[in-house]
Amino acid sequence: MTVSHARVRRLAALRIAISVTLAALGLCTVFAGSLNSTPFIRSLSITVTVAGAFWALIYSFGLSSWAQQELRRAALLQEAFEVRLFHLRWNNVLAGDEVPAEDVHKLSSRFRGSETSLRASYAMPNLPSPFDVLTRQQLNLAWGGRVRRRYAKGVLVGLLFWAAVGLLSAMIRGSTITDFVVQWCVPSLGMLMLGWDTFREQRGIYEERRRVARWSRSRCLQSAAVAQDPAMTQDLWLLARQVQDQLFLARRRAPRVPSWFFHRYFVQDSSDFTAGLAETRRDLMNAGLRRS
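Counting along the sequence shown from 1, when you hit position 168 you're at 1139 in the working numbering, and nothing is skipped either side.
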């Protein structure tokens, strides 16, 4: 699971690196041309423009499809892990066939991280089933939603900054609209497309996660006092399966944020959501939930 997500992250990092490099080269050739428009600079500017257009085509028609395939594979592996952990049924309609055991073993053998940290990240709260599963899912939804919203904001700020740099440079040089489009917009096209797609997808996932987390928590609080009713227990297990479907769809839609970005805020986020988990447990007990 972790190995597959790391592969998706490396692919996403490669896309970002190529897009940013072409955009930066485009800006450098613009400034170099304004200072000393030699034949070499002009040919370099044309090369960067063509490369930017070509990269945008690759991103739109080829690399994006490849990334989606890798992303679906990573989402399936995590789904297989969590279904077993939460004792849920596999949803063949949504996810298709289960991941073959040999594929899971192959990727597991490549895992070099800490198993202790992996267990800690999936520690189940001390609550009767299925409230422990639902509460764990709510934590996943809320934490992942916060991280993705924060990342979406950062990407949007970066896009706005880059657009401002391009417009400012065009105004300083007195560029025509044609020069601005050819010398700056086309080399930056891949980065702008990637950035906008990233912002839109991560923001949309955050909104869906927040909505589902609130609904799940509300249902749990409403059902806490009658949790011993077999019919209510069955309904809550069905809710857990539906929440898991939403988690799978979100993971299949967009890659995780970069590892460095996640760990940058990990300590504060961990403290916040640990406190939130304890508060949720108290609220359930106050609502009438009995200890198992």
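Glycine included, each C-beta is placed from N, C-alpha and C at the ideal position. Predicted, not measured: the structure shown is a model, and the values here were computed from it.
Take residue i and list the residues in its own chain whose beta-carbon comes closer than 6 Å to its own, dropping the five residues that flank it on each side.
i, result
"residue 992", "none"
"residue 1104", "1057, 1211"
"residue 1151", "1141"
"residue 1209", "none"
Going by C-alpha to C-alpha distance, which of the options sits closest to residue i?
i, options, result
"residue 1072", "1048, 1093, 1095, 1193", "1048"
"residue 1101", "1205, 1227, 1148", "1205"
"residue 1124", "1166, 1212, 1258", "1166"
"residue 1179", "1155, 1095, 1129, 1111", "1111"
"residue 1251", "988, 1097, 1235, 1148", "1097"
"residue 1115", "1162, 1187, 1160, 1240", "1240"
"residue 1213", "1186, 1146, 1245, 1257", "1186"
"residue 1183", "1248, 1106, 1243", "1106"
"residue 1242", "1092, 1146, 1230, 1155", "1092"
Under 7 Å Cβ to Cβ from residue i, same chain only, skipping five residues before and after it: list those, please.
i, result
"residue 1254", "1192"
"residue 1122", "1173, 1228, 1232"
"residue 1069", "1051, 1061"
"residue 1039", "none"
"residue 1274", "Given a span of 972 to 1263 for the chain in the structure shown, any question on residue 1274 remains unanswerable."
"residue 1244", "1110, 1113, 1114"
Residues in its own chain within less than 8 Å of residue i by CB, not counting five upstream and five downstream?
i, result
"residue 1215", "1050, 1053, 1054, 1057, 1059, 1062, 1108"
"residue 1261", "1099, 1198, 1199"
"residue 1181", "1112, 1113, 1116"
"residue 1236", "1118, 1121"
"residue 1148", "none"
"residue 1247", "1110, 1113"
"residue 1168", "none"
Does the beta-carbon distance from residue i to residue j come in below 8 Å?
i, j, result
"residue 1170", "residue 1207", "no"
"residue 1225", "residue 1176", "yes"
"residue 1046", "residue 1223", "yes"
"residue 1130", "residue 1160", "no"
Rounded C-beta distance between residue i and residue j? I'm assuming under 8 Å.
i, j, result
"residue 1259", "residue 1196", "3 Å"
The stretch 1057-1067 touching the stretch 1215-1232, judged by at least three CB pairs closer than 8 Å: yes
Below 8 Å, can you find three or more Cβ-Cβ pairs linking the stretch 1183-1198 to the stretch 1136-1148?
Contact fails: fewer than three Cβ-Cβ distances are below 8 Å.
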